[in-house]
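Chain order of the listed sequences is A and B. Counting in this note's numbering, the first sequence runs from 2 upward without gaps. Counting in this note's numbering, the second sequence runs from 2 upward without gaps. Right, one structure below, let's go through it.
2 protein chains.
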Amino acid sequence: MSDFAFTLQARSGRARAGLLATPHGQVLTPVFAPVGTQASVKAVSPDQLAALGASLVLANTYHLHLRPGAERVAELGGLHAFMAWPHPLLTDSGGFQVFSLAEARRVDDDGVTFRSHLDGSPQRLTPESAMSIQELLGADIMMAFDECASPYDRRRIEDAMVRTHAWAERCRSAWSRKDQALFGIVQGGVFPDLRLESARFIADLDLPGIAIGGLSVGETKDEMHSILEILDPALPEDRPRYLMGVGSPEDLVEGVLRGIDLFDCVLPTRLARNHAALTRLGRLHLRKAEFSADPRPIDAACDCYACLHFSRAYLRHLIVAREMLASTLISIHNLRTLVRLMADLRQSILDGEAEEFAARFRTAYRKHRPSEA
Amino acid sequence: MSDFAFTLQARSGRARAGLLATPHGQVLTPVFAPVGTQASVKAVSPDQLAALGASLVLANTYHLHLRPGAERVAELGGLHAFMAWPHPLLTDSGGFQVFSLAEARRVDDDGVTFRSHLDGSPQRLTPESAMSIQELLGADIMMAFDECASPYDRRRIEDAMVRTHAWAERCRSAWSRKDQALFGIVQGGVFPDLRLESARFIADLDLPGIAIGGLSVGETKDEMHSILEILDPALPEDRPRYLMGVGSPEDLVEGVLRGIDLFDCVLPTRLARNHAALTRLGRLHLRKAEFSADPRPIDAACDCYACLHFSRAYLRHLIVAREMLASTLISIHNLRTLVRLMADLRQSILDGEAEEFAARFRTAYRKHRPSEA
């Protein structure tokens with residue numbers, strides 16, 4: 002564990018600025034991690050990813066376990082070498098995907114049996130196998146295997162939480178590669194008492210980091226915010242806090258204001274492939290005819306490769322002409338937008354002005370939002 | 002025309018090394034030009050294109066005329082600005098695409114009436130409109146509007162050649178932007194007497210460059226080679242010679258050996274999207290299962306971004322997982338392979354050893370070719 006350390010550098014209100022040291026380099030927090038589900042951030046090359054300022058990338062254990070297999074990735078030098086990302090990497094545990102993608106799923110106390118969404122082949126994941134798969138992949142941060150349940154069903158949420166806690170203990174016991182950090186996951190749906198119970202249990206495991214799972218899965222924004230507010234004082238100050246699967250600009254700002262350090266989401270790259278560009282004033286749907294003669298970049302305030310070189314008119318042309326470059330350029334822009342937003346938030350925390358930054362952001366975002374399509 | 006000049010630097014046998022100066026920079030010849038049909042080299046960004054050593058890029062007048070329209074491109078600053086390629090650009094005349102893509106085509110002596118392959122809209126191109134479209138696009142090199150006919154039908158080939166000559170004269174008359182160079186096109190199918198007649202006619206127009214059209218459209222390699230051998234002494238030494246639509250490694254070598262300076266082709270990027278990687282030892286079909294655990298780069302002799310960072314196993318994984326990055330990386334590799342081949346050929350010409358280089362290339366290529374699938 003000597004290679005992994007989290008240093009809290011500043012707080013502004015509940016917002017935190019920190020430094021996460023990993024064997025593959027440092028991550029300044031708060032940070033947004035682009036998602037490379039199948040060991041590739043879709044439509045973006047690793048050098049483009051590094052150039053836009055990404056510092057931490059997430060890959061999905063479920064997908065890589067099914068294809069090409071963790072042993073294969075290990076034979077090829079581990080995930081960093083395989084995908085040519087020599088910087089910090091995080092793998093999830095596969096839990097979320099098993100519960101959202103896999104078929105014919107059966108959960109028991111020992112693990113989950115399911116069928117691959119790719120070929121229907123029978124599969125089984127347990128806390129121990131999720132750890133050994135992640136150790137073969139070799140990311141800097143691994144996640145404990147958890148059970149996700151729909152957020153409003155208290156009985157099922159409670160069962161899933163209890164199981165998640167038992168599985169987190171088993172993951173901690175199975176964890177052997179100490180050059181990889183293991184994060185536990187807090188569950189509990191929208192129920193404050195369960196969330197608090199889960200936070201205390203996971204905190205007591207004394208793992209290098211703590212994730213908050215089971216949010217952004219159907220609950221309202223107010224519910225998400227109130228859960229984060231309940232959790233903030235219950236989580237240890239000296240560990241990074243990771244809000245899983247959250248990545249809209251507004252959610253990042255509200256999460257950071259409530260004490261979150263790490264985020265990941267497919268949203269910026271998925272939106273890009275659907276021709277939507279993120280800005281701090283809302284989204285631009287670049288396929289619209291109104292952009293066909295627009296000489297402006299997506300966002301005059303942005304310094305990404307796309308905004309420095311290409312007009313909205315060109316991007317719209319690429320979209321209409323079905324050129325792959327459209328997905329690449331808009332993905333670069335969307336990711337850069339989130340990287341810049343997090344850097345600016347971090348600076349505002351260091352300056353002790355996070356709430357002022359958030360207030361300005363909310364005003365601008367709200368004002369322009371009606372122009373979204 | 003002061004911005005455009007061709008300097009012949011060396012000959013080795015019939016092979017030529019030269020320097021093409023354009024308003025947007027120099028091109029060392031022999032050169033292979035990647036094709037950006039719709040103002041984008043498919044799956045590759047302009048910075049990746051520059052990094053792999055591309056110096057001249059081709060865009061298609063037919064496609065850009067139909068969408069987004071040349072006036073639109075001109076309003077947005079011209080094609081260089083539109084597609085963010087500040088280096089030399091060439092546009093074809095639209096002729097070839099009208100004869101290969103457009104529907105309900107009718108040719109008369111004045112021009113061609115056809116329907117757009119995109120929306121069926123009625124369209125007409127004449128030598129004069131092809132020139133005005135290309136002047137709006139603003140590429141460094143423009144092509145005269147020509148008629149392409151199938152290579153073996155002597156009567157139709159002869160008619161098309163006569164028309165191509167008349168149209169070349171009209172293009173020369175319509176040519177007003179002298180910061181753009183106009184190339185004439187030699188036609189004549191597989192008929193030596195027609196090719197010679199066409200070469201003399203086009204040479205007499207005294208244009209800044211001469212293209213050879215109507216090859217690589219169904220004739221045999223031997224026929225292509227013999228036409229090039231017939232044309233070489235008939236073409237002026239002091240003008241660049243451009244063999245249109247040719248781009249396999251073997252065709253580049255054989256073309257250069259027969260006095261060609263410029264080539265373009267969609268082949269390297271189209272093959273890449275079909276998972277085939279070019280090497281000097283033949284093609285690798287990277288989807289094959291034999292590559293699933295192969296830790297080697299596509300080509301150990303290649304210095305492209307893909308070969309420096311990624312294994313065949315990773316590329317195969319991307320292909321099987323349908324990740325866009327596969328097309329990007331293999332396109333980069335294939336284009337770099339042709340750029341390196343042309344650079345090595347150029348050096349062999351400067352060293353007076355082009356025939357020896359070609360002999361070694363042919364031996365290696367022939368030896369490994371049976372392993373192609």
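Virtual Cβ for every residue (Gly too), placed ideally from N, Cα, C.
- Among the residues of chain A, those whose CB is under 7 Å from the CB of B:V321 are R68, following chain order.
- Closer than 7 Å to the CB of A:S174 there is not a single CB belonging to chain B.
- Taking C-alpha positions only, A:E324 is separated from B:H334 by approximately 19 Å.
- Counting the other Cβ atoms within 10 Å of the Cβ of B:L183 gives 16 or more, which makes it buried.
- Listed in chain order, the non-local C-beta contacts of B:S328 below 7 Å within the same chain comprise A44, A273 and R274, local neighbours out to five positions each way being set aside.
- When secondary structure is reduced to three states using DSSP, B:S328 falls in the helix class.
- At a cut-off of 7 Å, the C-beta of B:Q10 has no neighbouring C-beta in chain A.
- In this structure, the beta-carbon distance from A:L336 to A:P269 falls below 7 Å.
- In this structure, A:I299 and A:A307 form a Cβ contact; the two beta carbons are roughly 6 Å apart against a cut-off of 8 Å.
- When the five nearest sequence neighbours on each side are left out, the beta carbons in the same chain lying within less than 7 Å of the beta carbon of B:R173 are those of L183, L206 and L208, in order along the chain.
- A:S151 carries a coil assignment under DSSP once its states are collapsed to helix, strand and coil.
- By the criterion of a C-beta distance shorter than 6 Å, B:Q124 is surrounded in its chain by F115 and S117, once the five residues flanking it on both sides are discounted.
- For A:D252, the enclosing alpha helix (DSSP H) covers residues P250 to L258.
- The beta-carbon of B:S177 is placed no less than 7 Å from the nearest beta-carbon of chain A.
- If the five residues before and after B:V218 are omitted, its C-beta is found closer than 8 Å to the C-beta atoms of C149, S151, P152 and G246, all from its own chain and listed in chain order.
- Secondary structure of B:Q188 (DSSP, three-state): coil.
- Closest option to A:D265, judged by alpha-carbon separation, among A:G112, A:P234 and A:D252: A:D252.
- As the crow flies, the alpha-carbon of B:V340 is around 21 Å from that of B:A140.
- For B:Y306, the chain A residues whose Cβ falls inside 8 Å of its Cβ are S46 and D48, in order along the chain.
- Residues of the stretch 282-305 of chain A with a C-beta less than 8 Å from any C-beta of chain B: S293, A294 and P296, listed in chain order.
- Following the DSSP letters along the chain, one finds A:S13 in no alpha helix (DSSP H) but inside the beta strand (DSSP E) bounded by residues A6 to S13.
- The beta carbon of B:P89 is closer than 7 Å to those of T23, H25, G26, V28, S56, L57 and D141 in its chain, skipping five residues each way along the sequence.
- Contacts between B:Q39 and chain A, judged by CB atoms closer than 7 Å, involve A322 and E324 in chain order.
- For A:T329, the chain B residues whose Cβ falls inside 7 Å of its Cβ are S46, in order along the chain.
- Excluding the 5 residues flanking it on each side, A:A278 has same chain C-beta neighbours closer than 7 Å at R284, L285, L287, I299, I331, H334 and N335, in chain order.
- When the alpha-carbon of B:R347 is set against those of B:Q135, B:L263 and B:L137, the nearest one is in B:L263.
- Straight across, the Cα-Cα distance linking B:S13 with B:D352 is about 8 Å.
- Annotated three-state conformation of B:C266 is strand, per DSSP.
- Put simply, the CB of A:A85 is near chain B, with a gap under 7 Å to one of its CB atoms.
- Taking 8 Å as the cut-off between beta carbons, the residues of the stretch 72-84 of chain A near chain B are R73, E76, L77, G78, F83 and M84, in sequence order.
- Among the CB atoms of chain A, none fall inside 7 Å of the CB of B:A169.
- Contact annotation for A:S312 against chain B: L77 [CB-CB distance below 7 Å, chain order].
- Around the CB of A:A169, 16 or more other CB atoms lie within 10 Å, so the residue is classed as buried.
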